[in-house]
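Novice: Please read through the structure below; I'll follow up with questions.
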Amino acid sequence: MHPPSNPDAHTGQLWMGHAPKTAGFRRLMTGLFFAGVATFAQLYSPQGLLPLIATDLQITADQAALLISASTIGLAVAVIPWSFVGDRLGRKPAMTISIIAACLFGLGATLAPTFGLILGFRILEGVALGGVPALAMAYLNEEVHPASAGQSAGTFIAGTVLGGLLGRIVAAPIGEWYHWRLGMGVVLVLAIASAVCFLLLTPTAKKFEPTTTSIRQAITAITTNLRSPVLVVMYLQGMLLMGGFVAVYNFLGFYLLDDPFNLPVSVVSLVFLAYLVGTVSSPWAGRMAAKYRPSRVLLALSAAMIVAMLLTLVPNIWVLLIGVLVFTGAFFGAHSVASGWAGAAAEGGRAQSTSLYNLCYYAGSSIFGWLGGIFLRHFGWPGTVLMTVGLTMLALVATALLYVFVVRPRINAVQEPNSTHS
Numbered sequence: 258m259h260p261p262s263n264p265d266a267h268t269g270q271l272w273m274g275h276a277p278k279t280a281g282f283r284r285l286m287t288g289l290f291f292a293g294v295a296t297f298a299q300l301y302s303p304q305g306l307l308p309l310i311a312t313d314l315q316i317t318a319d320q321a322a323l324l325i326s327a328s329t330i331g332l333a334v335a336v337i338p339w340s341f342v343g344d345r346l347g348r349k350p351a352m353t354i355s356i357i358a359a360c361l362f363g364l365g366a367t368l369a370p371t372f373g374l375i376l377g378f379r380i381l382e383g384v385a386l387g388g389v390p391a392l393a394m395a396y397l398n399e400e401v402h403p404a405s406a407g408q409s410a411g412t413f414i415a416g417t418v419l420g421g422l423l424g425r426i427v428a429a430p431i432g433e434w435y436h437w438r439l440g441m442g443v444v445l446v447l448a449i450a451s452a453v454c455f456l457l458l459t460p461t462a463k464k465f466e467p468t469t470t471s472i473r474q475a476i477t478a479i480t481t482n483l484r485s486p487v488l489v490v491m492y493l494q495g496m497l498l499m500g501g502f503v504a505v506y507n508f509l510g511f512y513l514l515d516d517p518f519n520l521p522v523s524v525v526s527l528v529f530l531a532y533l534v535g536t537v538s539s540p541w542a543g544r545m546a547a548k549y550r551p552s553r554v555l556l557a558l559s560a561a562m563i564v565a566m567l568l569t570l571v572p573n574i575w576v577l578l579i580g581v582l583v584f585t586g587a588f589f590g591a592h593s594v595a596s597g598w599a600g601a602a603a604e605g606g607r608a609q610s611t612s613l614y615n616l617c618y619y620a621g622s623s624i625f626g627w628l629g630g631i632f633l634r635h636f637g638w639p640g641t642v643l644m645t646v647g648l649t650m651l652a653l654v655a656t657a658l659l660y661v662f663v664v665r666p667r668i669n670a671v672q673e674p675n676s677t678h679s
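This is the structure:
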């Protein structure tokens with residue numbers, strides 16, 4: 258990490274970072290907001306189109322879901338390497354390379370004639386996109402006044418949520434009315450426009466200094482974190498909960514298009530509006546974690562996810578929608594708590610711990626987001642629900658064991674870290 262302050266070139270005083278209500282702060286926040294939109298709009302744009310893609314390319318639901326898994330596994334494996342690139346080139350230059358490369362690969366995926374080529378471009382797109390989540394938080398921590406770190410992180414997260422939402426709800430109606438490729442193409446144009454806004458708005462970094470962390474030092478930091486039971490359980494939370502969450506949204510559309518609902522794709526895509534619940538549940542979960550301890554909040558939210566998932570088995574659209582809303586809100590709350598705790602409890606470097614969490618988070622998305630389609634093919638929607646409930650149960654049991662054998666014995670000696678959210 259860099260020193261907390263640098264001399265200001267004009268005043269000669271120590272510069273603590275962009276403060277709220279300053280032009281630099283507004284430009285940085287707006288620019289990173291657009292970086293989040295540019296990244297997650299194109300990452301998830303095929304999700305609402307999966308039934309149309311499956312029909313057009315004559316592939317199964319689980320094969321179509323590989324278009325999401327391919328990009329998220331590419332992102333997962335690229336997060337840690339991108340952190341090294343950012344340490345050497347600077348956060349904004351590395352993020353610029355990341356977004357531009359992703360847009361080019363996204364264009365390739367939109368135009369590629371065969372499923373295999375589309376899949377290849379989606380993997381490359383994911384690898385390129387890994388630079389944004391890998392570096393955005395480090396960029397904020399370096400350039401924003403420490404007192405505003407939480408507010409600035411929330412702005413970036415809002416951009417990622419809005420980007421993912423736009424990618425899904427814009428692409429699906431256009432895909433249904435015209436063609437799924439046009440739907441992805443329109444989202445790509447939105448991503449390119451957002452990338453231009455990021456490039457033009459974000460100010461030049463003032464506090465970045467290149468670092469020369471060796472591979473050996475990074476591996477040491479990673480292995481230190483992996484020896485912590487608290488961190489290992491948090492990484493599992495990210496993998497298991499995200500895996501179930503992505504599986505639900507990958508295949509819910511196939512279920513709603515069929516009996517007993519028979520909804521059109523354009524209407525099904527509106528289900529993604531449930532993501533907006535996450536903008537409320539994430540900060541709420543943070544407050545609850547600070548008040549009641551992160552482990553207890555995670556247990557409650559995991560239980561809520563299980564109950565909500567079971568509600569989606571009721572063949573009534575309103576009951577199903579309530580289940581989806583509760584499931585989505587509980588997931589984003591749990592993700593907020595787990596990711597924050599993964600940083601707060603880091604023993605071998607906070608950046609490395611956050612990268613490990615992201616790696617597990619997107620690996621779970623890739624693996625279980627695809628596996629849910631296998632369950633769908635053989636057992637229908639109840640199969641996907643069963644898999645998701647099973648993953649959430651594993652996460653709940655892991656948290657319960659952590660609380661009983663690690664957290665509770667430490668309560669009187671060492672206060673459990675509160676969750677700091679990103």
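At position 397 of the sequence shown (counting the first as 1) the number is 654 in the numbering used here, and the numbers step up by one without a gap.
Yeah, the Cβ is synthetic: ideal placement off N, Cα and C, and Gly gets one too.
Remember, predicted model here, so these are calculated numbers, not experimental data.
Can you tell me whether V444 is helix, strand or coil according to DSSP?
Specialist: Against the sequence shown, residue 444 aligns to sequence position 187. Three-state DSSP puts V444 in a helix.
Novice: If we ignore side chains and look at the alpha-carbon of each, how far apart do E400 and L381 end up?
Specialist: The residue labelled residue 400 in the question sits at position 143 within the sequence shown. The residue labelled residue 381 in the question sits at position 124 within the sequence shown. For E400 and L381, the distance between alpha carbons rounds to 30 angstroms.
Novice: Please report the distance separating the alpha-carbon of T677 from that of T611.
Specialist: Residue 677 sits at position 420 when you count from the first residue of the sequence shown. Residue 611 sits at position 354 when you count from the first residue of the sequence shown. With a pLDDT of 44 at T677, under the threshold of 50, the modelled position of this residue cannot be trusted, and the question is left open.
Novice: Does the Cβ of N615 have 16 or more other Cβ atoms within 10 Å, making it buried, or fewer, making it exposed?
Specialist: For the purposes of this step, residue 615 is identified with residue 358 of the sequence shown, where counting begins at 1. Buried, since its Cβ has 16 or more Cβ neighbours within 10 Å.
Novice: By DSSP, does L381 sit in helix, in strand, or in coil?
Specialist: The residue given as residue 381 occupies position 124 in the sequence shown. Reduced to three states, the DSSP call for L381 is helix.
Novice: Can you tell me the Cβ-Cβ gap for Y618 and M496, rounded? I've got them flagged as a contact below 8 angstroms.
Specialist: Counting from 1 along the sequence shown, the entry for residue 618 is found at position 361. Counting from 1 along the sequence shown, the entry for residue 496 is found at position 239. Correct: roughly 7 angstroms between the Cβ atoms.
Novice: Cα separation between P303 and R553?
Specialist: Here residue 303 is taken as the residue at index 46 of the sequence shown, counted from 1. Here residue 553 is taken as the residue at index 296 of the sequence shown, counted from 1. If I take the Cα positions, the gap works out to 36 angstroms.
Novice: Quick check on this structure: which residue in A652, V525 and A385 has the alpha carbon closest to the alpha carbon of V334?
Specialist: For the purposes of this step, residue 334 is taken as residue 77 along the sequence shown, with counting starting at 1. The candidate whose alpha carbon is nearest that of V334 is A385.
Novice: V664 by DSSP, collapsed to three states: which one?
Specialist: The residue you call residue 664 lines up with position 407 of the sequence shown. V664: helix per DSSP, three-state reduction.
Novice: With three or more C-beta pairs closer than 8 angstroms as the rule, is the stretch 469–489 touching the stretch 568–584?
Specialist: As far as the Cβ criterion goes, the stretch 568–584 does not touch the stretch 469–489, which means the pair count is below three.
Novice: Closest by CA to S593, which one among I414, F341 and I375?
Specialist: In the sequence shown, residue 593 corresponds to position 336, counting from 1. Selected option, being the one with the closest Cα: I414.
Novice: What residues in its chain sit with their C-beta under 6 angstroms from that of I310, if we drop five residues either side in the sequence?
Specialist: Start at 1 with the first residue of the sequence shown, and residue 310 comes out as number 53. Excluding positions up to five away in sequence, the list reads A321 and W437.
Novice: So, helix, strand or coil for G474, using DSSP?
Specialist: One-based indexing of the sequence shown puts residue 474 at position 217. Sequence check: residue 474 is Gln here, not Gly. It is helical.
Novice: When the Cβ atoms of the stretch 532–539 are set against those of the stretch 353–361, are three or more pairs found closer than 8 angstroms?
Specialist: Segments in contact, no.
Novice: Along the alpha helix (DSSP H) that carries F592, what are the first and last residues, could you check?
Specialist: One-based indexing of the sequence shown puts residue 592 at position 335. First, the amino acid is wrong: residue 592 is His here, not Phe. Its alpha helix (DSSP H) spans residues I574 to A601.
Novice: Beta-carbon within less than 6 angstroms of S538's beta-carbon, same chain only, minus the 5 sequence neighbours each way: which residues are those?
Specialist: Against the sequence shown, residue 538 aligns to sequence position 281. Correct list, in chain order: G586, F589 and G590.
Novice: Considering only C-alpha positions, which residue in the set G440, F529 and A561 is nearest to L368?
Specialist: Numbered from its first residue, the sequence shown carries residue 368 at position 111. Measuring from the Cα of L368, the nearest candidate turns out to be G440.
Novice: Would you call L658 buried or exposed, if buried means 16 or more other Cβ atoms sit within 10 Å of its Cβ?
Specialist: As a first step, residue 658 must be located in the sequence shown, where it is residue number 401. Its Cβ having fewer than 16 others within 10 Å, L658 is exposed.
Novice: Measuring CA to CA, which of A393, G416, L376 and H635 is closest to F290?
Specialist: If you number the sequence shown from 1, residue 290 lands on position 33. Here the closest residue by C-alpha is G416.
Novice: Starting from G640, trace the alpha helix (DSSP H) in both directions and tell me its first and last residue.
Specialist: Numbered from 1 along the sequence shown, position 383 holds the residue referred to as residue 640. W638 to L659 is the span of the alpha helix (DSSP H), which, as asked, contains G640.
Novice: Please classify P390: is it buried, with 16 or more other beta-carbons within 10 angstroms of its beta-carbon, or exposed?
Specialist: The residue given as residue 390 occupies position 133 in the sequence shown. So P390 counts as buried.
Novice: Since G387 contacts W434 with CB under 8 angstroms, what's their CB separation in whole angstroms?
Specialist: Stepping through the sequence shown from its first residue, residue 387 is reached at position 130. Stepping through the sequence shown from its first residue, residue 434 is reached at position 177. Contact flag wrong, Cβ pair sits at about 33 angstroms.
Novice: Rounded to whole angstroms, how far is the Cβ of A448 from the Cβ of G363, which I believe are closer than 8 angstroms?
Specialist: Within the sequence shown, numbered from 1, the residue matching residue 448 stands at position 191. Within the sequence shown, numbered from 1, the residue matching residue 363 stands at position 106. Right, their Cβ atoms sit about 7 angstroms apart.
Novice: Counting C-beta neighbours from all protein chains within 10 Å, is the total for V564 16 or more, i.e. buried, or is it exposed?
Specialist: Counted from its first residue, the sequence shown places residue 564 at position 307. Classification for V564: exposed.
Novice: Would you kindly work out how many angstroms separate the C-alpha atoms of T656 and L456, rounded to a whole number?
Specialist: Here residue 656 refers to the residue found at position 399 of the sequence shown. Here residue 456 refers to the residue found at position 199 of the sequence shown. One C-alpha to the other measures close to 41 angstroms.
Novice: Over the uninterrupted alpha helix (DSSP H) stretch that includes R484, give me the two end residues.
Specialist: On the sequence shown, residue 484 is found 227 positions in, with the first residue counted as 1. Taken as a continuous stretch (DSSP letters only), R484 belongs to no alpha helix (DSSP H), as it is neither H nor E.
Novice: How would you call G373, buried or exposed, if buried means at least 16 neighbouring beta carbons within 10 angstroms?
Specialist: Sequence index remark: in the sequence shown, residue 373 carries index 116 (1-based). Flag for G373 reads exposed.
Novice: Would a C-beta distance cut-off of 9 angstroms place A395 and G331 closer than the cut-off?
Specialist: Locating residue 395 in the sequence shown gives position 138, counting from the first residue. Locating residue 331 in the sequence shown gives position 74, counting from the first residue. Against a cut-off of 9 angstroms, the Cβ pair of G331 and A395 comes out as no contact.
Novice: Looking only at C-alpha atoms, which of M499, H635 and F297 sits nearest to S559?
Specialist: Counted from its first residue, the sequence shown places residue 559 at position 302. The shortest C-alpha separation from S559 is found at M499.
Novice: Rounded to the nearest angstrom, what separates G281 and P460 at their Cα positions?
Specialist: Within the sequence shown, the letter at position 24 stands for residue 281. Within the sequence shown, the letter at position 203 stands for residue 460. Taking the straight line joining both Cα atoms gives about 7 angstroms.
Novice: Under a Cβ-count criterion, where at least 16 other Cβ atoms within 10 Å of its own Cβ denotes burial, should R544 be classed as buried or exposed?
Specialist: The sequence position of residue 544 within the sequence shown is 287, counting from 1. It is exposed - the Cβ of R544 has fewer than 16 other Cβ atoms within 10 Å.
Novice: Spatial neighbours of A620 within its chain, please: C-beta separation below 7 angstroms, excluding the five flanking residues on both sides.
Specialist: The residue you call residue 620 lines up with position 363 of the sequence shown. I330, A333 and M496, listed in sequence order.
Novice: Assuming contact is defined by CB atoms lying nearer than 9 angstroms, are F518 and G629 in contact in what I supplied?
Specialist: By 1-based counting over the sequence shown, the position of residue 518 is 261. By 1-based counting over the sequence shown, the position of residue 629 is 372. No, the Cβ-Cβ distance between F518 and G629 is not below 9 angstroms.
Novice: Which one of P521, Q474 and R473 has the shortest CA to CA distance from G432?
Specialist: Position 175 of the sequence shown holds residue 432. The option with the nearest alpha carbon to G432 is P521.
Novice: Verify whether the separation of the beta carbon atoms of I325 and S622 is less than 9 angstroms.
Specialist: Numbered from its first residue, the sequence shown carries residue 325 at position 68. Numbered from its first residue, the sequence shown carries residue 622 at position 365. In contact: I325 and S622 (Cβ atoms closer than 9 angstroms).
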